[in-house]
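**Q** To convert a position in the sequence shown, counted from 1, into my numbering, add 630.
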Amino acid sequence: MLNIPVTRTSLPNRVVCGEIDPAIEIALNRNPQPWFDNIICHGHRCGLLAPIINGAHVLITAQELARFIRRNTTFGTRPIRLLSCWAGRDPNGFAQQLADLLRVPVLAAADRVEVYHFEPVSPDERFRMFWPTPVDDD
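(1) Can you tell me the Cα-Cα spacing of residue 674 and residue 713, whole angstroms?
(2) Pick from 633, 634, 642 and 635: whose alpha carbon is nearest that of residue 704?
(3) Using beta-carbon positions only, say whether residue 732 and residue 696 come within less than 8 Å of one another.
(4) Going by DSSP in three states, residue 698 sits in which element: helix, strand or coil?
(5) Could you say which of 650, 728, 743 and 665 lies nearest to residue 763 if we only look at CA atoms?
(6) Per DSSP, residue 647 is paired with what?
(7) Cβ of residue 735 within 8 Å of Cβ of residue 716?
(8) Assuming residue 649 contacts residue 670 under a Cβ cut-off of 8 Å, what Cβ separation, rounded to an integer in Å, is found between them?
(9) Which residue from 765, 677, 737 and 689 puts its Cα closest to that of residue 708?
(10) From residue 665 to residue 645, what distance separates their C-alpha atoms?
(11) Whose CA, out of 700, 647, 706 and 741, lies closest to the CA of residue 689?
(12) Quick check on the burial criterion: 16 or more other C-beta atoms within 10 angstroms. Buried or exposed for residue 668?
(13) What does the alpha-carbon distance come out to for the pair residue 723 and residue 640?
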C-alpha cells in the first residue's frame, strides 16, 4: 500500500497530498474557497494525480486518493476542490471517479493550474464540476 505524506495546514478545509515543493508552497499562501474541502497536489497530463513521495512524483489513482482522504482528513460531506493540474481533463476520469467514490461533487481543472491565482492556464479551460453518478437503489 502506498504511503502518501499528508501536510495539514492552518485551515481545517485544506490539506496537501504529498511532499511540499516550491509550487505547493506558493499554493499554500493562497486563500481556499471556504465552501469546499481543498486538496493541493501535483497532477500529471495523463489525468492522474502525482504527489511527491520520497522526492519523486508518483502517479496515484482516484481510489488511492479516496483512501488518503478517508484516512487523513475529516472531508467527505462537502464538495472537494482539487487544486491539481489536469485532474478534470477527462470527463470520465480522475475527478469523476473521485466524485463517485466519495459521493460528493468534485471541482477540478482540465489544464495546468496557475498557482498564484488557482486558475487554469489556458483561457479556454475552466474548473469543471463533477457530480457523483446516481446510484440505482434497485
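Here a beta-carbon is modelled for each residue, glycine too, at the ideal position from N, C-alpha and C.
**A** Once the coordinates are examined:
(1) Residue mapping note: residue 674 aligns to position 44 of the sequence shown, counting from 1. Residue mapping note: residue 713 aligns to position 83 of the sequence shown, counting from 1. Cα to Cα, residue 674 sits roughly 12 Å from residue 713.
(2) If you number the sequence shown from 1, residue 704 lands on position 74. Cα-wise, what sits closest to residue 704 is 642.
(3) Taking the first residue of the sequence shown as position 1, residue 732 is located at position 102. Taking the first residue of the sequence shown as position 1, residue 696 is located at position 66. Yes, the pair counts as a contact, with Cβ atoms nearer than the cut-off.
(4) Translated into the one-based positions of the sequence shown, residue 698 becomes position 68. Here residue 698 sits in helix by DSSP.
(5) As a first step, residue 763 is located in the sequence shown; it is residue number 133 there, counting from the start. It is 728.
(6) Start at 1 with the first residue of the sequence shown, and residue 647 comes out as number 17. 636.
(7) Position 105 of the sequence shown, counted from the first residue, corresponds to residue 735. Position 86 of the sequence shown, counted from the first residue, corresponds to residue 716. In this structure, residue 716 does not lie closer than 8 Å to residue 735 by Cβ.
(8) As a working mapping, residue 649 is identified with position 19 in the sequence shown. As a working mapping, residue 670 is identified with position 40 in the sequence shown. That pair is no contact at about 12 Å.
(9) Position 78 of the sequence shown holds residue 708. Nearest option by C-alpha distance: 737.
(10) Along the sequence shown, one-based indexing puts residue 665 at 35. Along the sequence shown, one-based indexing puts residue 645 at 15. Between residue 665 and residue 645, the C-alpha separation is close to 14 Å.
(11) Translated into positions along the sequence shown, residue 689 becomes position 59. Nearest option by C-alpha distance: 647.
(12) Locating residue 668 in the sequence shown gives position 38, counting from the first residue. Buried.
(13) On the sequence shown, residue 723 is found 93 positions in, with the first residue counted as 1. On the sequence shown, residue 640 is found 10 positions in, with the first residue counted as 1. Straight-line Cα distance between these residues: approximately 30 Å.
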